[in-house]
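Data block below; observations after.
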Amino acid sequence: MLSAARSFFRDRGFLDVETPVRIPTPALEDYIEAEASGDHFLRTSPELHMKRLLAAGYERIYQIGTCCRLGERGRVHLPEFAMLEWYRLDADYMDVLDDTIALVRAVAASGELRFRGQLTDVRGEWQRLTVDEAFRTYAGCTPDAALSRGRFEEILVERIEPHLGGATPTVLMDYPVCTSGLSKPKAGTPGRAERWELYIGGLEIANACSELTDPAAQRRSFQATADLRRREQRPVYPVDEAFLAALGQISSAAGVAIGIDRLAMVLTGAEVIDDVVAFPADRA
Amino acid sequence: MFSASDLRKNLKIEIDGEPYIVTYFDFCKPGKGQALYRCRLKHMLNGSTMERTFRSVDKIDKPDLFQKEVIYSYAEDPNYVFMDAESYEEIRVPGDVLGDQIYFLGDDMECSMLTYQNRPVELTLPIFVDREIAETEPGARGDTATNVTKPAKLENGYEFQVPLFLNQGDTVRIDTRTGEYSERVSKA
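Residue numbers (our numbering), protein chains in the order written: chain A, 4 to 287; chain B, -14 to 173.
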């Protein structure tokens, strides 16, 4: 799977890059916690450094590497996991969706995935569903109402996710801006961001967006996250100024992050993430 | 208080003044959102179950549990009577609290008891007990290394799986935590 993914990107002119695993400050995200490593942190994603490479003029880059997230352990979560991320300059979230569709078709040789008792055909048209449509159809409410009651995640997990990615993969798109701190707002649709997540068999496989490239807007978004984290008495990481300075050099870009272990799960039909990793967290 | 991130299988918690034990636990975290801790809970006194989802910001009460050493005395249907090892007071434990543990109790067995508001909610037996097999198909020779098992019964009716080479009258060691066969102690 990894070598198929590497040839896929090589054939399309993407540069294989490496960025630091041990970083001075992690990306400020509402609900992603970083693990400390001495006076540094282990990266929760390579996103900010990869965007600095975009700013330096690298037009197509990808990376397969380890990321760590504190406290994430469950049937589909490992505190240390492998991420595949790629970015394109002068692209939006629909351009990188085309990459994703081609990539999944390239690694799923048979074209069909048998996962969680369902058969998902990746060869045909993929279902596209907005977050608004999904909440209306499966939960009878709007995402904004769910957010204001603090039940967005609960409804997503319990009412919506089980319906996603059945006969075909599902692209759940246009998330509320407030849940998408590093994404570009969607033109013409107030309150929504150009962001999608890929689901197969109810499992979230990938997250993607048109990147927010306005440094002032990005700083405001980081500030909102910092305020939230302070209110909830969680660590507030310093703003990555080198990243903000670089962001101004990017006109437009889009990127995707795929949880490689989860992609391996849907390819092999594994029910638990431990089954696709040689040394999962508690057996390292 | 517990944080939601402390939740795991077998954790004992208190909700609205009632004691529960977590019997199923899963961590979820949809797309960059808050973590959810989905639990199935069993009421420690009446055995009723419910589903509950906690969010990362939630705080959960710790039940005030008290541990004491007790000695098993006798059965008095539907209760099982233990004696407090310090006060010699008799404590009646409903069979529901013990579950399959009732099959492993023995005279004067030293156990550890958890109580909630003076009511027993959990017993811990010695890890291993030795019991004689009352009923099983005759043993098959030479089959000492395979994982193939057959059903066996204790005198009190407890049914469990044993390796093929065991016979009626053999004494075996049972792990009281799982109720499973552990090893053969002596032959009939």
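Don't be surprised by glycine CBs; every beta carbon is placed ideally from N, CA and C. Treat the numbers as computed from the prediction; the structure is a model and nothing was measured.
Under 7 Å by beta carbon: chain A residues contacting residue i
| i | result |
| --- | --- |
| A137 of chain B | Chain A residues near A137 of chain B: none, gap ~32 Å exceeds 7 Å. |
| T38 of chain B | E157 |
| K44 of chain B | Simply none; closest approach about 11 Å. |
| Q19 of chain B | Y34, E156 |
Beta-carbon proximity check, residue i vs residue j, cutoff 8 Å
| i | j | result |
| --- | --- | --- |
| N210 of chain A | K17 of chain B | yes |
| T22 of chain A | P241 of chain A | no |
| L83 of chain B | Y65 of chain B | yes |
| L110 of chain B | Q146 of chain B | no |
| L149 of chain B | R169 of chain B | no |
| M4 of chain A | S48 of chain A | no |
| I64 of chain A | F44 of chain A | no |
| D102 of chain A | S255 of chain A | no |
| M98 of chain B | K53 of chain B | yes |
| P283 of chain A | L247 of chain A | no |
Three-state class that DSSP yields for residue i in the structure shown
| i | result |
| --- | --- |
| L35 of chain B | Note that residue 35 of chain B corresponds to Met in the displayed sequence, not to Leu. Strand. |
| K54 of chain A | helix |
| R222 of chain A | helix |
| P188 of chain A | strand |
| I45 of chain B | strand |
| P179 of chain A | strand |
| V110 of chain A | helix |
| P172 of chain A | coil |
| E107 of chain B | strand |
| P193 of chain A | coil |
| E4 of chain B | A quick correction: the sequence has Pro, not Glu, at residue 4 of chain B. Of the three classes helix, strand and coil, the one that applies to P4 of chain B here is strand, per DSSP. |
| R237 of chain A | coil |
| L90 of chain B | coil |
Cα-Cα separation, residue i to residue j
| i | j | result |
| --- | --- | --- |
| D115 of chain B | R234 of chain A | 57 Å |
| H80 of chain A | I276 of chain A | 7 Å |
| Y59 of chain B | F67 of chain B | 7 Å |
| I45 of chain B | Q236 of chain A | 17 Å |
| I158 of chain A | C144 of chain A | 10 Å |
| G272 of chain A | I56 of chain B | 50 Å |
| T161 of chain B | P179 of chain A | 52 Å |
| A142 of chain A | P172 of chain A | 20 Å |
| V134 of chain A | E88 of chain A | 23 Å |
| R117 of chain A | G154 of chain B | 49 Å |
| E117 of chain B | V24 of chain A | 59 Å |
| G132 of chain B | A173 of chain B | Residue identity differs from the one stated: residue 132 of chain B is Asn in this sequence, not Gly. So the two alpha carbons sit approximately 22 Å from each other. |
| D1 of chain B | C71 of chain A | 36 Å |
| T174 of chain B | D81 of chain B | Here chain B has residues from -14 to 173 only, and residue 174 of chain B is not among them. |
| E38 of chain A | E244 of chain A | 20 Å |
Opposing strand residues paired with residue i [DSSP bridges]
| i | result |
| --- | --- |
| C96 of chain B | B:V55 |
| K135 of chain B | B:V147 |
| N293 of chain A | Outside the displayed range of chain A (4 to 287) lies residue 293 of chain A, so it cannot be described from this structure. |
Contacts that residue i makes with chain B (C-beta to C-beta distance below 9 Å)
| i | result |
| --- | --- |
| H52 of chain A | Under the 9 Å cutoff, chain B gives no residues; its nearest Cβ is about 19 Å from H52 of chain A. |
| E88 of chain A | None at all; the shortest Cβ gap to chain B is about 14 Å. |
| E235 of chain A | S41, V42 |
| T182 of chain A | G16, K17, G18 |
| E197 of chain A | In chain order: nothing, as chain B lies at least about 14 Å away. |
Within chain A, partners of residue i - CB distance below 8 Å
| i | result |
| --- | --- |
| D12 of chain B | Looking at the sequence shown, residue 12 of chain B is not Asp but Phe. The contacting residues are E75, R76, G77, R78, H80. |
| S(-10) of chain B | G74 |
7 Å Cβ cut-off: residues of chain B touching residue i
| i | result |
| --- | --- |
| V160 of chain A | C13, P15, L21 |
| T145 of chain A | Simply none; closest approach about 16 Å. |
| E115 of chain A | Simply none; closest approach about 25 Å. |
Within chain B, the residues that residue i reaches when beta carbons sit closer than 8 Å
| i | result |
| --- | --- |
| E200 of chain A | G16 |
| E207 of chain A | P15, G16 |
| E164 of chain A | P15 |
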